[in-house]
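Each residue of the sequence shown is one higher than the one before, starting from 1 at the first, in the UniProt record's numbering. Quick reminder that beta carbons are idealized off the backbone N, C-alpha and C, glycines included.
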Amino acid sequence: MTSNEIREAFLRYFETQGHTRVASSSLIPANDPTLLFTNAGMNQFKDCFLGLDKRHYVRATSSQKCVRAGGKHNDLDNVGYTARHHTFFEMLGNFSFGDYFKQDAIRFAWEFLTSAEWLALPTDRLYVTVYATDDEAFDIWNKDIGLSADRIIRIGDNKGAPYASDNFWAMGDTGPCGPCTEIFYDHGADIAGGLPGTPEEDGDRFIEIWNNVFMQFNRTADGVLHPLPAPSVDTGMGLERISAVMQHVHSNYEIDLFQHLIKSAAQIIGIENQNQPSLRVLADHARSCSFLIADGVIPSNEGRGYVLRRIIRRAVRHGNKLGATGSFFHKMVQPLIDVMGEAYPELVNRREVVEATLLKEEEQFARTLEQGLRLLETELAQLQGNTIAGSMVFKLYDTYGFPVDLTADIARERNLQIDEAGFEAEMAQQRQRARDAGKFNIDYNSIVKVDQESVFHGYAGTDAQGNII
Ligand code: ATP
Ligand code: MG
Ligand code: MG
Ligand code: MG
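The structure is reproduced here in structure tokens:
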């Protein structure tokens, strides 16, 4: 099955189970300033779970555009390193707003994954986790579904604080919360990694494909869990991960959607060898950057726009590493439209803006990237030990427009690290200088929220829009 067919099959299955198909919401969360980007299918339904928003349906299904870069969930640094993480991915979900609960949710998930009519996955590849004390979920898996007890793993609060485990979800310190059951697929003994709950669990052998959250309690400020009168269900399955399973490949980057992007990137840059991590990074970043721009994010030096700028600059640097000459990144939009334009028409409709924005950004950064890289190489040739000095990281940042995470990315490729504390100290000095000069009135609390004037006023300088001049 192609990824497009799997997405459609999922939505159709849940429609046959009485769910209303709801379109993906924007990557810019509506009415939620606490959230950087939409990072889960449930975001657009938050108020439905809280009972503040009543819809004409109590069951919904969606394929939600998600970005996990910057903010609380940040998978940017996993890209290029794991087989299963992207900055942008699609989360397939089914939701019950005070309607069905654990029994139906588990039955639906199992039927969709294993029945011959739908995905027909071999059951001996599947494992599930339940929350340590959730006997109800354990019994449904074991007795109703018939899954043997050795395939049901209880995950407790091994992270210390009560109810802080991966298997207990909470919207915040107070509010709706509850246990999860997660479904894992075994990609085979030849791949490193262990079952959930073991020290090797962070490998790519047993991959989490689907999380089912049971919103069962309301936690009050005193930490007490009160049962919700009408418990709800929120689930999320990564389309790219289930596609990898269905297409008999191990890595998400080997699925149809990504193969097309990787091939195209290689062609655009003009290289033969398609098996290079930087190509995977480019494919990933082309998706997140294009979708973010299509949803209205503009590269800038603060907030969401700075996260976007950071991703674009990382992509440009990876292209440079592959030997790209001239601008290339905006040319990834067409191949992306080839594979995703039908499901997400905004890509087609906003194509010109997306291409023009990417082109402008990459041209702008290309001007300082080469110089910055040369400076860094000189520094690295003389480096003693394995840490790049904070003053160097700061100079690259301040003069050449290298976001800190970009320099860290280069360092990591060479088994080096950056002196973050040293960088922060340089930033603090710059703030002081700025205050002394009385020129700026800037909130420097987080790197992501850097004001544009502070970023590139070194040799290059910036204009009023933050463009390097
Ligand atoms: P992981 O433990 O692998 O990082 P997660 O527990 O953070 O995943 P959830 O928050 O439970 O993920 O999200 C639900 C589902 O979305 C996951 O089971 C997975 O299939 C998918 N998913 C989560 N993060 C990513 C990502 N960065 N890229 C692709 N798919 C993802
Ligand atoms: Mg995660
Ligand atoms: Mg997880
Ligand atoms: Mg999870």
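Under 8 angstroms between C-beta atoms of residue i and residue j
{"i": "PRO176", "j": "LEU225", "result": "no"}
{"i": "LEU282", "j": "ALA294", "result": "no"}
{"i": "ASP186", "j": "PHE206", "result": "yes"}
{"i": "VAL333", "j": "ARG351", "result": "yes"}
{"i": "SER251", "j": "ALA83", "result": "yes"}
{"i": "LEU119", "j": "PHE112", "result": "yes"}
{"i": "MET240", "j": "ILE262", "result": "First, the amino acid is wrong: residue 240 is Glu here, not Met. No. Outside cutoff."}
{"i": "GLY372", "j": "PHE394", "result": "no"}
{"i": "ILE242", "j": "ILE209", "result": "yes"}
{"i": "SER232", "j": "GLY146", "result": "no"}
{"i": "ILE269", "j": "ALA324", "result": "yes"}
{"i": "LEU336", "j": "ARG412", "result": "no"}
{"i": "LEU27", "j": "THR38", "result": "yes"}
{"i": "LYS102", "j": "ALA137", "result": "yes"}
{"i": "GLY390", "j": "ALA421", "result": "yes"}
{"i": "GLY41", "j": "GLY80", "result": "no"}
{"i": "HIS260", "j": "VAL339", "result": "yes"}
{"i": "MET392", "j": "GLU379", "result": "yes"}
{"i": "PHE184", "j": "PRO199", "result": "no"}
Beta-bridge pairing of residue i - partner residues as DSSP gives them
{"i": "GLN64", "result": "MET91"}
{"i": "TYR131", "result": "ILE155"}
{"i": "GLY175", "result": "ARG219"}
{"i": "PHE168", "result": "PRO179"}
{"i": "ILE388", "result": "ILE418"}
{"i": "TYR185", "result": "LEU126, ILE207"}
{"i": "SER96", "result": "ARG59, VAL233"}
{"i": "THR20", "result": "ALA60"}
Identity of the residue in the options nearest residue i by Cα
{"i": "ASN43", "options": "ARG280, PRO277, GLY236", "result": "GLY236"}
{"i": "GLU362", "options": "ASP222, THR325, ILE312, ASN349", "result": "ILE312"}
{"i": "TYR57", "options": "HIS19, PHE37, LEU336", "result": "HIS19"}
{"i": "TYR127", "options": "ALA421, TYR100, GLY194, ASN273", "result": "GLY194"}
{"i": "residue 470", "options": "ALA381, ALA425, GLU426", "result": "The requested residue 470 does not occur in the structure, where the chain is confined to residues 1 to 469."}
{"i": "ASN218", "options": "LEU257, PHE168, GLU208, ILE183", "result": "PHE168"}
{"i": "PHE89", "options": "GLU424, ASP284, GLN17, ARG314", "result": "ASP284"}
{"i": "HIS86", "options": "ASP75, GLN64, GLY93", "result": "ASP75"}
{"i": "LEU279", "options": "ALA421, LYS321, HIS248, ILE6", "result": "LYS321"}
{"i": "ALA170", "options": "PHE329, PHE138, LEU50", "result": "LEU50"}
{"i": "GLN267", "options": "ILE418, VAL249, PRO277, PHE328", "result": "PHE328"}
{"i": "ALA408", "options": "GLN430, THR181, ARG310, PRO199", "result": "ARG310"}
{"i": "ALA60", "options": "PRO29, GLY71, GLY172, ALA105", "result": "ALA105"}
{"i": "ASP135", "options": "VAL67, CYS180, ALA428", "result": "CYS180"}
{"i": "LEU375", "options": "VAL348, TYR397, ASN78", "result": "TYR397"}
{"i": "ASP222", "options": "GLU182, GLU424, THR174, MET91", "result": "THR174"}
{"i": "ASP419", "options": "ALA437, GLY438, ASN386, GLN430", "result": "ASN386"}
{"i": "GLN64", "options": "ASP144, THR220, GLY172, MET91", "result": "MET91"}
Inter-residue Cα distance where the pair is residue i and residue j
{"i": "ASN211", "j": "TYR306", "result": "30 angstroms"}
{"i": "ASP202", "j": "GLY156", "result": "17 angstroms"}
{"i": "PRO299", "j": "THR357", "result": "8 angstroms"}
{"i": "ILE442", "j": "PHE291", "result": "Low confidence applies here, because ILE442 scores a pLDDT of 45, under 50, leaving its location unreliable and the question unanswered by this model."}
{"i": "ILE388", "j": "ALA132", "result": "43 angstroms"}
{"i": "VAL36", "j": "ALA23", "result": "For the sequence presented, residue 36 should be read as Leu rather than Val. Taking the straight line from one Cα to the other gives about 20 angstroms."}
{"i": "SER96", "j": "SER3", "result": "25 angstroms"}
{"i": "THR123", "j": "TYR100", "result": "24 angstroms"}
{"i": "ILE6", "j": "ARG304", "result": "31 angstroms"}
{"i": "VAL297", "j": "ASP139", "result": "46 angstroms"}
{"i": "GLU272", "j": "PHE258", "result": "17 angstroms"}
{"i": "THR34", "j": "GLN417", "result": "31 angstroms"}
{"i": "GLN432", "j": "ALA343", "result": "50 angstroms"}
{"i": "ARG367", "j": "GLY326", "result": "10 angstroms"}
{"i": "LYS72", "j": "GLY178", "result": "19 angstroms"}
{"i": "ALA230", "j": "GLN216", "result": "8 angstroms"}
{"i": "THR129", "j": "ARG151", "result": "8 angstroms"}
{"i": "VAL448", "j": "ASP77", "result": "Only weak support exists for where VAL448 lies, its pLDDT of 37 falling under 50; the value from the coordinates is given anyway. Looking at the two C-alpha atoms, the distance is approximately 15 angstroms."}
{"i": "GLY238", "j": "GLN384", "result": "43 angstroms"}
{"i": "PHE10", "j": "LEU121", "result": "14 angstroms"}
{"i": "ASP234", "j": "GLU302", "result": "32 angstroms"}
Residue span of the beta strand (DSSP E) that contains residue i, given as start and end
{"i": "MET215", "result": "206-219"}
{"i": "ALA230", "result": "225-238"}
The alpha helix (DSSP H) enclosing residue i, as first and last residue numbers
{"i": "residue 475", "result": "Absent from the structure is residue 475, since the part of the chain shown begins at 1 and ends at 469."}
{"i": "GLY303", "result": "303-321"}
{"i": "MET340", "result": "333-340"}
{"i": "ILE140", "result": "Taken as a continuous stretch (DSSP letters only), ILE140 belongs to no alpha helix (DSSP H), as it is neither H nor E."}
{"i": "ASN349", "result": "345-349"}
{"i": "ARG84", "result": "Run containing ARG84: none; DSSP gives neither H nor E here."}
{"i": "GLN267", "result": "256-269"}
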